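*Asks:* Chains as they are written, first to last, in the working numbering: chain A, 6 to 191; chain B, 137 to 878.
Dropping the structure in here first, questions after.
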Ligand SMILES: Nc1ncnc2c1ncn2[C@@H]1O[C@H](COP(=O)(O)OP(=O)(O)OP(=O)(O)O)[C@@H](O)[C@H]1O
Ligand SMILES: [Mg+2]
């Protein structure tokens, strides 16, 4: 839980002091403009690298959904092997980018908590009743103070007992009551 | 009630009725908790013998005739999943749901699959409960107890249940306490007599002597009773705490592996040490005082009322605000001490990890960073300690201040009564002595209040572990199989560490007693998982796993495990001597047997070369041995265990080829008459196997003897070919490696 935090510290450190890059085999040279995502038929996602090859049943995933949500997007083929990783999707053409966003929206069902209606903590189990961007929801987290994951200093990820994910992008933005409730348990 | 027929709200039901012929029986009727792929809401899936219907809360019903269905599957997403009904032509139908419903929809997908293939519908008749039957709250774990329904004072009752076995001693403590309390009430009464009958009338010296002697006696007895009381209650408290620790440790030992997947070792250790310590202090030092002080309070209170009830009411004036304050503080303080316990957990988990991994920390020169992390945990601990104690201290001082108000009232109103001759001077002094005696326990309650809440927070964490379901060791229906033949059968086994994310699928395999099976496949394909299932570290999600034609779930775990010998992928050794490690499974084994096992495992030579030979301490986790030495000791341990089922998970991966070959010879003798599962990446290791099972993507891809698989030119053939090529490159230095081809 804490190593995510220290990792980001480490990242900072990396930016500050130059590290000798490791010699890796040069990544396959693909011009981002050659990458095209499209749906044909409309329920099947395909990817082509222009003038080279084409893939059926492609999946789009984030390499680091928490720390790098909008960068480092990977395209996986049917066998879960990475076809290509795009560092910054803005270099892709508009249609491909739109489809990419749609796919990511579908895959990550994490809800963003906006207001906490009630929160009770008993015997190491906390009962949450929250308003999220997806609607209202109740959930249970075991051992919040141990299991809540601080993605950064103010950003919190909660995973409930079933594996549902709830995110608070910035706990300072929460209204006072919600903040007070959170502050009580974490 | 069938779990897969959920009731519908009336308007949805109406919509459904108009969408299907009314005589068609509903077979599956379940709700999803997403209205589309984005928002929470409700959507229903209904299946009959002829069609599948998707009914949204608003909008049109979507109908898919069963014969138009190509395939039904579930797709795993992050934080949820999606049921995909693929049609023979046209767009598939999707139904999104959250992670909570993954188990349900995994079954539903299978059910619809069965229906569309014209097979009879087979669904589990019971699903795990997710909500409490009583209060309807979500349960922290499926089928577990509802913690919210356990009352707060339940903690106290449970703590008390650990004192129960020592009822006799407890009664004795209480008796001694009562005597002590009664004796403690004497001195003020005697001084009252001295003032009113001796000092004020200025006469009666004889009486004075008797009274003073009585006073002395009272103090003497009070001192004696205090000694007895303290000694006994300490004994009692430490005993109870010992019992709690023992129980906790046993619980930890018997908890399933799954539990340890979820909890951090350091945090568990902190429960064992810190939280148990708090509880111990509470039982040993606080509980006896609570009892005696409570009795003292009652006694004094009655006396005061009897002496002068008007004055007593004045004394009580500050009590209501104090009680209110106490109630208010309960939650605040509990919160702090819970937080404190949780932070201790994190602190201890970091400590455990960084000290265990000290070699790695040093290798990467990260001492500074680990220390910084430590400082942060340490600081967090101090912060909560300070805030908690500050909150309590404010409460404590205010309480004290308020209580001294009572004394002012008594001096004022009591003095007035004495002046008015309604009350004697001696009585007033006695009254005031009692008053101070009353305040003492009251103040003390403020003090122990803090301790009590702290102990409760710890007790909650301890009981949480104790309440976690343990492995069903005492399943009364389990069959005794003292002598296993070693027939292992996988029937349609599906298994995933997380529901809805199968690691193994459709595993069908019948292994005869005495057969040696080689498990082959890419890293992460599920080889270790398969042997985990055989040891019953985890239970299959679907299908059955049988040992001697009996479902493993019905075999006594003890019988099963005591007849399995396992060499794990990362051999674990305890910080004991080499001989003790080899003897771990059979502590009774003679030294001769230990040595023979070591010889068979090719370990004897290197062991005797050590200065302490078999009595060498191996260091924590065996870190004073080389990787290969550790593996050989683990093999010797399995050999000595003399199991009917032998599992070798990469047992010889750290050995050079020459040593490995020697061990191979030993193993080939060893496996005679035992069912063996061997996992190896170096395919030459599996040369002795009767059959090889090649796994790919969680499924069995090929089964057959080495020659058969080579002849088939499938996956295994390719594996062997690649390995040959790579080892040809690696063998340039002259090593002669033969990757399994005859
Ligand atoms: N305790 C666990 N909790 C969750 N997932 C797990 C757990 N143990 C293993 N897995 C996952 O299950 C899959 C199969 O793991 P397994 O250990 O069976 O692989 P393996 O075939 O033994 O690989 P290797 O050859 O590398 O030992 C992997 O994807 C792994 O990440
Ligand atoms: Mg493995």
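Note that beta-carbon positions come from the ideal geometry of N, C-alpha and C, so glycine has one too.
Given the structure is predicted, the values throughout are model-derived calculations rather than measurements.
Where do the ends of the beta strand (DSSP E) carrying residue 67 (chain A) lie?
*Replies:* As a position in the first chain, residue 67 (chain A) is number 62, starting the count at 1. That run of the beta strand (DSSP E) goes 64-67.
*Asks:* Under the rule that 16 or more other beta-carbon atoms within 10 Å means buried, what is residue 738 (chain B), buried or exposed?
*Replies:* By one-based count along the second chain, residue 738 (chain B) stands at place 602. Classification for residue 738 (chain B): buried.
*Asks:* Are the C-beta atoms of residue 176 (chain B) and some chain A residue less than 9 Å apart?
*Replies:* In the second chain, residue 176 (chain B) corresponds to position 40, counting from 1. Yes, contact with chain A.
*Asks:* Taking 9 Å as the CB-CB cut-off, is residue 383 (chain B) touching chain A?
*Replies:* For this step, residue 383 (chain B) is matched to residue 247 along the second chain. Not an interface residue.
*Asks:* Residue 154 (chain A) touches chain B at which residues, Cβ-Cβ below 9 Å?
*Replies:* Counting from 1 along the first chain, the entry for residue 154 (chain A) is found at position 149. Chain B residues near residue 154 (chain A): none, gap ~12 Å exceeds 9 Å.
*Asks:* Counting contacts by CB-CB distance shorter than 9 Å, is residue 184 (chain A) in contact with chain B?
*Replies:* One-based indexing of the first chain puts residue 184 (chain A) at position 179. It does not: the Cβ of residue 184 (chain A) has no partner Cβ on chain B nearer than 9 Å.
*Asks:* At least one CB of chain B closer than 9 Å to the CB of residue 116 (chain A): is that the case?
*Replies:* For the purposes of this step, residue 116 (chain A) is taken as the residue at position 111 of the first chain. Interface residue, yes.
*Asks:* Which residues does DSSP pair with residue 627 (chain B) in a beta bridge?
*Replies:* In the second chain, counting from the first residue as 1, residue 627 (chain B) sits at position 491. Answer is B:680.
*Asks:* Please list, following the chain, all residues that have a C-beta closer than 5 Å to any non-hydrogen atom of ligand 1.
*Replies:* The set, ordered by position in the chain, is B:397, B:633, B:639, B:659, B:660, B:661, B:662, B:663, B:664, B:665.
*Asks:* At 7 Å on the CB atoms, spell out the chain B contacts of residue 58 (chain A), in chain order.
*Replies:* To locate residue 58 (chain A), count along the first chain from 1; it is residue 53. Neighbours of residue 58 (chain A) on chain B: none; closest Cβ ~22 Å, over 7 Å.
*Asks:* Could you check where the beta strand (DSSP E) with residue 136 (chain A) kicks off and where it finishes?
*Replies:* Taking the first chain and counting its residues from 1, one reaches residue 136 (chain A) at position 131. Looking at the DSSP string, the run of the beta strand (DSSP E) that includes residue 136 (chain A) is 130-137.
*Asks:* Using three-state DSSP, classify residue 72 (chain A) as helix, strand or coil.
*Replies:* Taking the first chain and counting its residues from 1, the one referred to as residue 72 (chain A) is at position 67. Three-state result, residue 72 (chain A): coil.
*Asks:* Can you say whether residue 186 (chain A) is buried or exposed, counting buried as having 16 or more other CB atoms within 10 angstroms of its CB?
*Replies:* Within the first chain, numbered from 1, the residue matching residue 186 (chain A) stands at position 181. Burial call: buried.
*Asks:* Does DSSP put residue 232 (chain B) in a helix, a strand or coil?
*Replies:* Mapped onto the second chain, residue 232 (chain B) falls at position 96. In this structure, residue 232 (chain B) counts as strand in the three-state DSSP scheme.
*Asks:* Using a Cβ cut-off of 9 Å, which residues of the region 41-57 of chain A contact any Cβ in chain E, in chain order?
*Replies:* Given the protein chain composition of this structure (A and B), no chain E is represented.
*Asks:* Measuring only the C-alpha atoms, how far is residue 99 (chain B) from residue 546 (chain B)?
*Replies:* The requested residue 99 (chain B) is not part of the displayed model; chain B covers only 137 to 878.
*Asks:* Flag residue 729 (chain B) as yes when its Cβ comes closer than 8 Å to any non-hydrogen atom of ligand 2, and as no otherwise.
*Replies:* Translated into positions along the second chain, residue 729 (chain B) becomes position 593. The answer is no for residue 729 (chain B).
*Asks:* With H, G and I counted as helix, E and B as strand and the rest as coil, what does DSSP make of residue 146 (chain B)?
*Replies:* Residue 146 (chain B) sits at position 10 when you count from the first residue of the second chain. Helix.
*Asks:* Going along chain A, which residues have a C-beta under 7 Å from residue 235 (chain B)?
*Replies:* Taking the first residue of the second chain as position 1, residue 235 (chain B) is located at position 99. Result: 167, 168, 169.
*Asks:* With burial defined as no fewer than 16 other Cβ atoms inside 10 Å of the residue's Cβ, what is the status of residue 313 (chain B): buried or exposed?
*Replies:* As a working note, residue 313 (chain B) is residue 177 in the second chain. Answer is buried; the Cβ neighbour count reaches 16.
*Asks:* Can you give the Cα-Cα distance for residue 399 (chain B) and residue 457 (chain B), rounded to whole angstroms?
*Replies:* In the second chain, the residue the question calls residue 399 (chain B) occupies position 263. In the second chain, the residue the question calls residue 457 (chain B) occupies position 321. Taking the straight line joining both Cα atoms gives about 43 Å.
*Asks:* Looking at C-beta atoms only, is the number of pairs between the region 166-180 of chain A and the region 98-106 of chain A that lie closer than 8 Å three or more?
*Replies:* The region 166-180 of chain A, when compared against the region 98-106 of chain A, does not touch it at the 8 Å Cβ threshold.
*Asks:* Of all Cβ atoms in chain A, is any one closer than 9 Å to the Cβ of residue 830 (chain B)?
*Replies:* Along the second chain, read from residue 1 onward, the residue named residue 830 (chain B) stands at position 694. Not one chain A Cβ lies under 9 Å of residue 830 (chain B).
*Asks:* Can you pull the DSSP bridge partners for residue 43 (chain A)?
*Replies:* Within the first chain, the letter at position 38 stands for residue 43 (chain A). Its beta-bridge partners are A:51.
*Asks:* Does DSSP put residue 114 (chain A) in a helix, a strand or coil?
*Replies:* Looking up residue 114 (chain A) in the first chain gives position 109. Coil at residue 114 (chain A), not helix or strand.
*Asks:* Return the first residue and the last residue of the alpha helix (DSSP H) that residue 519 (chain B) is part of.
*Replies:* Counting from one through the second chain, the residue named residue 519 (chain B) turns up at place 383. Its alpha helix (DSSP H) spans residues 503-545.
*Asks:* Taking 9 Å as the CB-CB limit, is residue 174 (chain A) close to chain B?
*Replies:* By one-based count along the first chain, residue 174 (chain A) stands at place 169. Cβ-Cβ to chain B under 9 Å: no for residue 174 (chain A).
*Asks:* Does residue 102 (chain A) get closer than 9 Å to chain B when you measure Cβ to Cβ?
*Replies:* For the purposes of this step, residue 102 (chain A) is taken as residue 97 along the first chain, with counting starting at 1. Judged by the 9 Å Cβ criterion, residue 102 (chain A) is not in contact with chain B.
*Asks:* Are there any heavy atoms of ligand 2 lying less than 8 Å away from the beta-carbon of residue 786 (chain B), as far as the coordinates show?
*Replies:* Start at 1 with the first residue of the second chain, and residue 786 (chain B) comes out as number 650. Yes, ligand 2 has a heavy atom inside 8 Å of this Cβ.
*Asks:* How big is the Cα-Cα spacing for residue 605 (chain B) and residue 383 (chain B)?
*Replies:* Counting from 1 along the second chain, the entry for residue 605 (chain B) is found at position 469. Counting from 1 along the second chain, the entry for residue 383 (chain B) is found at position 247. Roughly 14 Å between the two C-alpha positions.
*Asks:* Do three or more CB pairs link the region 625-637 of chain B to the region 676-692 of chain B at distances below 8 Å?
*Replies:* Enough Cβ pairs lie closer than 8 Å, so yes.
*Asks:* Let me check one thing: in DSSP terms, what residues is residue 829 (chain B) bridge-paired to?
*Replies:* What you label residue 829 (chain B) is simply residue 693 of the second chain in a count that begins at 1. Bridge partners of residue 829 (chain B): B:655, B:839.
*Asks:* Using C-beta distances below 7 Å, list every residue in its chain close to residue 855 (chain B), excluding the 5 sequence neighbours before and after it, in chain order.
*Replies:* Looking up residue 855 (chain B) in the second chain gives position 719. The residues are 656, 819.
*Asks:* Out of B:764, B:782, B:325, state which residue places its alpha-carbon closest to the alpha-carbon of residue 793 (chain B).
*Replies:* Position 657 of the second chain, counted from the start, is the residue given in the question as residue 793 (chain B). It is B:764 whose Cα lies nearest to the Cα of residue 793 (chain B).
*Asks:* With burial defined as no fewer than 16 other Cβ atoms inside 10 Å of the residue's Cβ, what is the status of residue 653 (chain B): buried or exposed?
*Replies:* Working through the second chain from its first residue, we reach residue 653 (chain B) at position 517. Burial call: buried.
*Asks:* Which of the three DSSP states is assigned to residue 210 (chain B) in this structure?
*Replies:* Counted from its first residue, the second chain places residue 210 (chain B) at position 74. Strand at residue 210 (chain B).
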